[in-house]
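Peer 1:
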Amino acid sequence: MRKLWVITVFGLLLVGSVVAQGHAGTPIKLGVVAPLSGPGTSYGLGIKQGAEMAVDEINKAGGVAGRQIQLVVVDDASNPGQSVTAMQRLVSQEAVDLVIGGWGSSQVLANMEVSERAGVPYIIVGATNPKITTTKNKWTFRVIQTDSVQAKEVATVGVQVLGLKRIAVLNDSNDYGVGNRDAFLAAMEELKQKPVELQAYNTADKDFTAQLTRIKAATPDGLAIFGTIPGAPAIMNQARDLGLTARFIGTGGLANENLITLAPKASAGTVLTTLFHEDVDAEGKAWAERYTKLYSGGAQPARPVLAAWEYRTVRFVARPCLEKAETDKAKLRECLASWKGTVFGVPTEVYFDQTGQLVQESVLVEVKDGTFAAYKRK
Amino acid sequence: MLWQIVVGGIATGCIYAVVGLGFTLVYRTLRMVNFAQGHVFMAGTFLGLLLATRGHLPALPLLVAVALGAFGVGLMLDRWVFRRLYHDHVVFVVGTIGLGIVLQNAVRLFFPEPVPFPKVFGERVVALGSARFQVSYVWVVVLTVLLVALLHVLFTYTRAGRAMRAVAADPEIAGTVGVRVSQAIGQTFGLSFAVAAVAGVLIGPLYFVSFDMGDMVGLKAFCAAVLGGINSIPGTIAGGILLGLLEALAAGYVSSAYKDLVAFALLILMLAVRPSGILGYETPVKV
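Residue numbers (our numbering), protein chains in the order written: chain D, 53 to 430; chain C, 14 to 300.
#1: Whole alpha helix (DSSP H) runs in the stretch 15-87 of chain C with 4 or more residues, listed along the chain?
#2: What are the boundary residues of the alpha helix (DSSP H) that includes I186/C?
#3: Note down the Cα distance separating R41/C from P184/C, rounded to an integer number of angstroms.
#4: Excluding the 5 residues preceding and the 5 following D331/D in the sequence, name in chain order all residues of the same chain whose CB lies nearer than 6 Å to its CB.
#5: In chain order, what residues of the same chain have a beta carbon less than 8 Å from the beta carbon of Q73/D, not counting five sequence neighbours either side?
#6: Examine chain D for any beta-carbon lying closer than 8 Å to the beta-carbon of G252/C, and answer yes or no.
#7: Could you tell me which of K246/D, F404/D, T280/D and K383/D sits nearest to G393/D, measuring between CA atoms?
#8: Can you tell me the Cα-Cα spacing of T157/C and S205/C, whole angstroms?
#9: Once you ignore the five residues that flank A207/C on each side, which residues in its own chain have a CB closer than 7 Å to its CB?
#10: For G248/C and L292/C, I'd like the C-alpha separation in whole angstroms.
#11: Cβ closer than 9 Å: which chain D residues qualify as neighbours of F146/C?
#12: Between L294/D and the rest of its own chain, which residues show a CB-CB distance below 8 Å, the 5 nearest in sequence each way excluded?
#13: Which chain D residues are close to R121/C, counting only those with a beta carbon under 7 Å from its beta carbon?
#14: Taking buried to mean at least 16 other C-beta atoms within 10 Å of its own C-beta, is V71/D buried or exposed?
#15: Please check if any C-beta of chain D sits within less than 8 Å of the C-beta of A65/C.
#16: Is the beta carbon of V180/C sitting closer than 8 Å to the one on A197/C?
#17: In its own chain, which residues sit with a C-beta less than 7 Å from the C-beta of I121/D, not counting the 5 before and 5 after it?
#18: Rounding to the nearest angstrom, what Cα-Cα distance links L284/C and A234/C in this structure?
#19: Measuring CB atoms only, is the stretch 405-412 of chain D touching the stretch 147-160 of chain D, in the sense that at least three cross pairs come out at less than 8 Å?
#20: Among V46/C, V139/C, L73/C and L232/C, which residue has its Cα nearest to the Cα of F105/C?
#21: What's the C-alpha gap between A354/D and F193/D?
#22: If we define contact as Cβ-Cβ less than 8 Å, is Q73/D a contact residue for chain C?
#23: Quick check on the burial criterion: 16 or more other C-beta atoms within 10 angstroms. Buried or exposed for N118/C?
#24: Taking K204/D as the reference, give the member of N131/D, T185/D and T180/D with the closest Cα.
#25: With a cut-off of 8 Å, does the C-beta of F54/C fall near any C-beta of chain D?
#26: Does DSSP put V398/D in a helix, in a strand, or in coil?
#27: Using a Cβ-Cβ distance under 8 Å, would A269/D count as near chain C?
#28: Using a Cβ-Cβ distance under 8 Å, would E185/C count as near chain D?
#29: Please list, in chain order, the chain D residues whose beta carbon lies closer than 7 Å to that of V138/C.
#30: Can at least three beta-carbon pairs, one atom from the stretch 248-262 of chain C and one from the stretch 20-40 of chain C, be found at a separation below 8 Å?
#31: Taking any Cβ of chain C, which residues in the stretch 236-255 of chain D have a Cβ under 7 Å from it, in chain order?
#32: Ends of the beta strand (DSSP E) at I431/D?
#33: Is it right to say S390/D is buried, meaning 16 or more other beta carbons lie within 10 angstroms of its own, or is it exposed?
#34: Between which two residues does the alpha helix (DSSP H) carrying N254/D extend?
#35: Measure the alpha-carbon distance for I18/C versus L258/C and round it to whole angstroms.
#36: Tell me, please, which residues DSSP counts as bridged to R119/D.
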């Protein structure tokens with residue numbers, strides 16, 4: 053009698069485990085790590101919304117290879133230590149098949165080690181430090197441009213198009229700010245110009261009087277700000293209060309609608325490289341309208357600039373590869389490495405180079421009349 | 014440039030001084046440190062934010078409303094929470110750290126990212142020689158002076174103030190001569206919460222406010238209090254202003270990235286050389 057019991061239980065377990073592995077039923081798990089609290093919240097919210105929008109659309113259209121996508125979003129509070137914990141949760145407890153997200157160079161440099169060790173493909177949409185995509189990363193890819201490209205672009209525009217002759221630099225002392233500053237200085241050297249003043253600040257700083265006073269004393273006609281919200285708008289406000297009239301230039305960290313909300317008057321005229329602008333093509337414009345309709349009217353305004361890359365990555369980059377490879381991580385990685393195609397908002401075809409970096413043209417915008425307006429190089 | 018930095022340093026110093034006062038008041042009465050002080054400062058800012066944006070209160074009524082609100086909260090917390098904690102220093106310290114965490118996360122639920130504070134003191138930019146700064150800086154200094162004067166009047170001429178001083182000096186004897194000791198302790202807490210909250214409203218219009226702004230300010234205010242003498246009110250004020258000035262000067266002339274180092278370096282120095290602070294005193298205890 054006892055033997056029968058054991059066999060029955062064993063048999064049930066066996067059958068149960070086979071049934072549980074049935075592919076047609078189980079969802080594909082997509083992980084997103086983003087800041088949903090702390091200074092990076094406004095960026096993280098866009099990333100989360102972009103992911104939700106893309107996953108909803110894919111699931112409604114039948115999913116991927118007959119399977120639904122399950123989205124798992126984890127908050128890293130804009131903190132590198134917590135970002136590592138968040139990524140560990142995604143990779144171990146939630147056992148996601150793919151991670152698309154990541155904001156903040158310091159956070160991503162930390163959390164990508166977890167995904168590399170675990171062998172989970174990770175596509176980054178919100179960190180620009182060049183150290184992230186090198187020949188060492190096997191499982192990590194990135195769709196937004198690095199600082200080396202963005203800072204160089206901004207330096208070229210500043211010197212050759214805006215005609216700035218005395219540029220000062222104020223950068224955050226974290227990986228993002230320092231990466232940008234170094235790339236900018238290298239580009240400036242090629243353009244045969246030296247910055248008139250170099251100052252740094254800590255991410256959590258609120259008062260920039262000391263730095264701005266030194267910068268003002270150097271009488272610049274341009275100020276390159278390499279930082280994110282809320283430092284950048286605070287710097288702009290305080291600079292204008294101090295009587296500094298220099299033109300502001302910057303890179304992707306400034307590409308956030310909150311820049312204009314928090315510094316409505318001071319940010320006017322800023323020229324920066326952004327991640328998305330709806331005027332680049334009609335499809336981009338249509339998407340932006342759909343997205344804004346879906347996500348406005350809530351407690352937070354819609355953030356198309358950050359949602360755009362997350363959406364495009366899920367929809368146009370990850371989806372075709374998930375169709376081919378499903379949850380086989382090695383096959384997924386191979387598919388991503390050889391992926392190429394066109395996405396809206398980028399004028400040319402794009403592909404990942406051998407360091408996992410997506411090669412593309414920059415998009416420049418200027419802050420005009422309270423919004424980001426497309427900026428022509430000529 | 015020097016003038017610009019000095020004015021900024023004095024204004025920040027006033028904030029450290031006022032928040033530091035909260036530490037001093039509680040320490041004098043209980044010989045314990047309330048580590049929630051920085052987070053109370055932050056909560057006061059958000060209370061001010063709500064009252065200013067929803068209630069459209071102008072500057073002075075806003076300050077009074079926030080001060081009264083915080084005083085009430087301080088009284089309540091003493092009655093329901095602190096009273097059970099101050100039989101033991103360690104228990105009290107951990108309890109206040111916990112309170113700080115609760116306050117921080119409660120605010121974080123509703124305000125996860127930095128928000129601007131309404132310019133209740135006006136938007137004018139004042140020029141003093143070659144230095145230019147927002148009119149809010151002037152208000153910070155003026156209102157700090159006013160606050161200190163008010164506190165002086167409270168402690169010297171009012172009954173409640175004298176009761177608090179008596180309890181701070183020796184609660185046992187104070188009780189013997191008819192002072193309601195528990196009431197005085199409660200009022201001390203209320204007062205320390207009120208001054209922190211007022212500091213929060215003063216600093217609000219200068220920078221964006223966020224749920225984590227209490228950490229650094231609380232720590233530096235604590236350093237200011239230790240620097241000036243944690244059992245001396247004029248000492249804390251002097252310590253706060255001195256700290257603000259030194260920090261601003263270091264940021265301007267040495268290195269802006271290491272600004273925070275100044276406060277903590279001074280703290281270590283003071284504790285090593287003169288633990289009772291610049292104007293503090295050691296109260297000898299007879300064994």
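Yeah, the Cβ is synthetic: ideal placement off N, Cα and C, and Gly gets one too.
Peer 2: According to the data block:
#1: Counting whole runs of 4 or more residues, the stretch 15-87 of chain C contains the alpha helix (DSSP H) stretches 15-43 and 50-66.
#2: Judged by DSSP secondary structure, I186/C falls within the alpha helix (DSSP H) whose first and last residues are P184 to T189.
#3: When rounded, the distance between both Cα atoms is 11 Å.
#4: Sequence-distant Cβ neighbours of D331/D in its own chain, meaning closer than 6 Å and more than five residues away, are A426.
#5: The predicted model places Q73/D with a pLDDT of 47, which falls under 50 and marks its position as unreliable; any figure quoted below should be read in that light. Excluding positions up to five away in sequence, the list is empty.
#6: At a cut-off of 8 Å between beta-carbon atoms, G252/C makes no contact with chain D.
#7: Measuring from the Cα of G393/D, the nearest candidate turns out to be F404/D.
#8: Rounded to the nearest angstrom, the two C-alpha atoms are 14 Å apart.
#9: Excluding residues up to 5 positions away in sequence, A80, A83, F84 and G87 lie with their Cβ nearer than 7 Å to the Cβ of A207/C in the same chain.
#10: Using only the alpha carbons, I get a separation of about 5 Å.
#11: Those are T261, D293 and L294, listed as they occur along chain D.
#12: A distance below 8 Å between beta-carbons, with the five flanking residues on each side excluded, links L294/D to the following residues of its chain, in chain order: T261, L264, T265 and K268.
#13: For R121/C, the C-beta contacts it makes with chain D under 7 Å involve S89, in order along the chain.
#14: With a pLDDT of 48 at V71/D, under the threshold of 50, the modelled position of that residue is not reliable, and the figure given next carries that caveat. By the 10 Å Cβ count, V71/D comes out exposed.
#15: In terms of beta-carbon proximity, A65/C stays away from the interface with chain D, with every pair separated by 8 Å or more.
#16: Yes, the Cβ-Cβ distance between V180/C and A197/C is below 8 Å.
#17: Its chain contains P79, I80, L82, V107, I110, N111 and G115 as the residues whose beta carbon lies nearer than 7 Å to that of I121/D, once the 5 sequence neighbours on both sides are disregarded; these appear in chain order.
#18: For L284/C and A234/C, the distance between alpha carbons rounds to 15 Å.
#19: Of all C-beta pairs linking the stretch 405-412 of chain D to the stretch 147-160 of chain D, fewer than three are shorter than 8 Å, placing the two stretches out of contact.
#20: Distance from the Cα of F105/C is smallest, within the candidate group V46/C, V139/C, L73/C and L232/C, for V46/C.
#21: The straight-line gap from Cα to Cα measures roughly 26 Å.
#22: Legend: pLDDT at Q73/D = 47, less than 50; position of this residue unreliable, no value from coordinates given.
#23: Burial call: exposed.
#24: Closest option to K204/D, Cα to Cα, is T180/D.
#25: With respect to chain D, the C-beta atom of F54/C has no partner C-beta closer than 8 Å.
#26: Coil, per DSSP.
#27: With a threshold of 8 Å between beta carbons, A269/D makes contact with chain C.
#28: It does not; no Cβ of chain D falls within 8 Å.
#29: Per Cβ cutoff of 7 Å: D293.
#30: Contact between the stretch 248-262 of chain C and the stretch 20-40 of chain C is established, with three or more Cβ pairs separated by less than 8 Å.
#31: In summary, the residues of the stretch 236-255 of chain D whose CB is separated from some CB of chain C by less than 7 Å are Q251, A252, Y253 and N254, in the order they occur in the chain.
#32: Residue coverage of chain D in this structure runs from 53 to 430, which leaves residue 431/D outside it and unanswerable.
#33: Exposed, since its Cβ has fewer than 16 Cβ neighbours within 10 Å.
#34: Annotation for N254/D: no alpha helix (DSSP H) segment contains it, and DSSP assigns it neither H nor E.
#35: Cα to Cα, the separation comes out at about 8 Å.
#36: BP columns for R119/D point to V116/D.
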